[in-house]
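Written below as structure tokens is the structure these notes are about.
Right, here's the structure in full:
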């Protein structure tokens, strides 16, 4: 496929970012690019970066929508700090994204879009293409709009419709840059526009035209060559964190034999879990789009009582609304998984940006002594596994679980090695048997302290539960002071006992050293890469990434005791760090925090760790 | 259309009695509270529904009304304030084989839970709602509620309330309710009858029970329920029968133009033929709404089943979609799902 006269650049990984006006189809270009990369055998991670508005004013910075893809021949842990190739469809998108391009990056722009009104709206006083504004970059000024229109000329397509294919012209250029063929994308057109042959043909022509055009461009004469990534053998697919979360729950429902019920209210960036589960009625999933966040969780509590794997999905402000009902699930000791796809806060905050600032809320945001399991996924793909485990722990331990992901994980995608449901850990909910003479609503299994799940319809187990304090064992309403103390202690002990059932905390790197970098949630990738690079330089740095937060893995204190400094890095002002301090796992804490609605970059983490090492 | 029979509540193979539903908990309502009469009616109704006792479930929110589930031996959840409708929705959707009964009050369902109340009705989920309307907040000791008559002096309205009260029937029909009935706590026989009708109705059934709070709003319904006046100030609607009321059984409701009016049979040439005949099954809610809105002193207050219209229920439609999807989808299990769409093998 690679043309004979081109220079080949061997690379381990390449970051491509597509940016344009909302509606320019950047999300689609990015998705099609990742699918083709996956077909070419590369590992990858993607990150869509879009504005909160559906169509912000045309050609403004507010309306810029982006999609970043990191592809590589090695394990891809991040979506990449800075991009090697920036495809920008208008002046506003280049203006707002040039800072994310590496020095010397290839910058492909649609020169037709740099007209006076667009320049003005983006805040350029003169056309940067006519100045040396981009002198540090490998600039490709392509007449994308014009050539797109020419490619479909004579097909009877109006200009407006033709312009909608501009993104495919740019994509064709990128395929040339990677030496990839157009088959995967052409097949997509055939499937997507099955009933519109004209649209299929137009898109194919434009994609090919972009590809052919790239061949003639001097600045694109070097092409990337990435060998196939070395990945564990198996069947793979591309998956976003939100879809992986939905599927993890479907797998848990099937494996546990408990029907799935989701009560949820649409909220960015969690809505895709609701949408995805609504598609799977053939698997018996019952999805209730409630009138509000509170009804979402309360309907799930009702469903849980009847024996469903009950779920509610939301993002930060929605979790606030659910607080009281989480308390009901805690005191009734019913299984329930609450997914919080975190976004920037407080209040409405930054709905389409990601951060980790809801940890306090997950741990403590309820009235009374109200413990729940808190856990967090760390990659888009492992959202599947942690959703599965959240469901398992919730049902086996009869307690609500708050599963934290974030917008970055939820919307981002990764390659996912498809498991077999039968290979996943067994799930054994403690369902009470009919006419069990020993059944009492709050009698507990001494190993887990979980009570039994007695399902309506079962003979001999009629009982009432509710939000008033319950008498130990019998479950009657009780205001007895010592009983209250006992129940508070039991509920806490039940959650703490979960530590005996979760994996021990692992350390990536040596088990002792100068600095242990501690992270949780969606920051695993950049921290891991930063630590690896420092270790390659001989630094005594290791990394511990937490998936289980409440309770913490039982060996946490032991691990921490072997490092001089514990450096907690998180996208908030120090919530996990304070939680660790509070739980007294070792003395020497340092923090690195960022609350900008952006992920960590490997570079900034590396710099921080390096500085701390120098201080010694 | 709906396929009745598939998702109905399992029948009991043995005859049940009141004793089957007696709970071991002490009933802690005030002596003389109207709730006692409601409990006694429920205890009469449940054994006669014909359902397995394990397939009856009670759900409540917060308030005096909401202690109810503790006093009946069924499966039950005492929920949180205002959320009984949302909890019930989850129960019924998750297990359509349960007969779900919800007890709630004017504060629980019309104030803090107003949103859930209108939406459960709009969706027509098959739940029987007993709405205890005592026009006051009892458990928090006497603040006005969304049904307290305007001008009432309560602890939080020392100079009289300045809020327009809800008429629950009007709210139910505004939310496209398919079943609305009204009873008074002093008429257990009617209450029992209406509960059977509610159970029989597929969809959300709302029974407004005009209940007396002896402590904080005593005699609030006396202008309608008082022994001396009730025959003239109440009309018990019976399906298929003319709307006649009064001590002398000579008053009736007539449609005059687009409005209802009270007429006297035998006066001004009015005969029984002029009197409206109640049709609770009529889908058009026009007359039902006018009946629900009738109030003293211009009209008698309508009691009995005012509306019982047949529409598909949400819970049946959920199961229909699931059955259809199961029969027609290629994705039969999660392994199918995981391997659907674009996948590739790495060796």
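Chains as they are written, first to last, in our numbering: chain A, 102 to 717; chain Y, 603 to 949.
Quick reminder that beta carbons are idealized off the backbone N, C-alpha and C, glycines included.
**OP:** Could you pull out every residue in the same chain whose Cβ sits closer than 6 Å to the Cβ of residue 646/Y, ignoring the five residues on either side in sequence?
**Re:** 794
Original post:
Taking buried to mean at least 16 other C-beta atoms within 10 Å of its own C-beta, is residue 160/A buried or exposed?
Top reply: buried
Original post:
Of all the residues that make up the segment 211-244 of chain A, which are near chain Y by a beta-carbon distance shorter than 9 Å?
Top reply: none
Subject >> For residue 391/A, the three-state DSSP class (helix, strand or coil) >> reply: coil
Original post:
Looking at the structure shown, is residue 693/A part of a helix, part of a strand, or coil, going by DSSP?
Top reply: strand
Subject >> Cα-Cα separation, residue 410/A to residue 550/A >> reply: 20 Å
Original post:
For residue 543/A, which beta-bridge partners are listed by DSSP?
Top reply: 574/A
Original post:
Is residue 662/A helix, strand or coil by DSSP?
Top reply: coil
Subject >> Under 7 Å between C-beta atoms of residue 618/A and residue 585/A >> reply: no
Original post:
Using Cβ-Cβ distances below 9 Å, what residues of the segment 555-570 of chain A are close to chain Y?
Top reply: 555, 556, 557, 558, 559, 560, 561, 562, 563, 564, 565, 566, 567, 568 and 569
**OP:** Could you pull out every residue in the same chain whose Cβ sits closer than 6 Å to the Cβ of residue 712/Y, ignoring the five residues on either side in sequence?
**Re:** 748 and 768
Subject >> chain Y contact residues for residue 592/A, given Cβ-Cβ distances below 7 Å >> reply: None at all; the shortest Cβ gap to chain Y is about 17 Å.
**OP:** Take residue 486/A and list the residues in its own chain whose beta-carbon comes closer than 8 Å to its own, dropping the five residues that flank it on each side.
**Re:** 349 and 478
Original post:
Under the three-state reduction of DSSP, which class applies to residue 725/Y: helix, strand or coil?
Top reply: helix
Original post:
Does any residue of chain A bring its CB to less than 7 Å from the CB of residue 921/Y?
Top reply: no
Subject >> Start and end residues, beta strand (DSSP E) containing residue 477/A >> reply: 474-477
**OP:** Could you tell me the distance, in whole angstroms, from the CA atom of residue 635/Y to the CA atom of residue 155/A?
**Re:** 55 Å
Original post:
How many angstroms separate the CA atom of residue 671/A from the CA atom of residue 685/A?
Top reply: 19 Å
Original post:
Looking only at C-alpha atoms, which of 441/A, 300/A and 602/A sits nearest to residue 398/A?
Top reply: 441/A
**OP:** Classify residue 983/Y as buried or exposed, calling it buried when 16 or more other Cβ atoms lie within 10 Å of its own Cβ.
**Re:** Summary: the structure shown does not reach residue 983/Y, with chain Y confined to residues 603 through 949, and so no result is reported for it.
Subject >> Simplified DSSP assignment, three categories, for residue 690/Y >> reply: helix
Original post:
In terms of residues, what are the limits of the alpha helix (DSSP H) holding residue 891/Y?
Top reply: 888-895
Original post:
If you follow the beta strand (DSSP E) that residue 247/A is part of, which residue opens it and which one closes it?
Top reply: No beta strand (DSSP E) holds residue 247/A; the alpha helix (DSSP H) holding it covers 245-252.
Subject >> Own chain partners of residue 729/Y with C-beta closer than 7 Å, once the 5 adjacent residues on each side are dropped >> reply: 690, 694, 702, 704, 722 and 806
Original post:
Any beta-carbon of chain Y closer than 7 Å to the one on residue 693/A?
Top reply: no
Subject >> Beta-carbon proximity check, residue 594/A vs residue 561/A, cutoff 7 Å >> reply: no
Subject >> Closer than 7 Å to chain A by CB, residue 790/Y >> reply: no
**OP:** Ignore the nearest five residues each way along the sequence and tell me which others in residue 102/A's own chain have a CB closer than 8 Å to its CB.
**Re:** The predicted model places residue 102/A with a pLDDT of 44, which falls under 50 and marks its position as unreliable, so this point remains unresolved.
**OP:** Spell out a yes or no on whether the segment 848-866 of chain Y and the segment 890-901 of chain Y are touching, meaning 3 or more CB-CB pairs, one atom from each, closer than 8 Å.
**Re:** yes
**OP:** Determine the direct distance from the alpha carbon of residue 945/Y to that of residue 412/A, and round the result to whole angstroms.
**Re:** 28 Å
Original post:
Apart from the five residues on each side of it in sequence, which residues of its chain come closer than 6 Å, Cβ to Cβ, to residue 734/Y?
Top reply: 667, 707, 811 and 813
Original post:
For the candidate residues 262/A, 317/A and 274/A, whose alpha-carbon lies nearest to that of residue 299/A?
Top reply: 262/A
Original post:
Where are the alpha helix (DSSP H) runs, 4 residues long or more, that stay fully inside the segment 700-746 of chain Y, in chain order?
Top reply: 716-725
Subject >> residue 270/A - containing alpha helix (DSSP H), residue span >> reply: 267-279
**OP:** May I ask you to report which of helix, strand or coil DSSP gives residue 927/Y?
**Re:** helix
Original post:
Taking residue 546/A as the reference, which of 556/A, 558/A and 533/A has the closest Cα?
Top reply: 533/A
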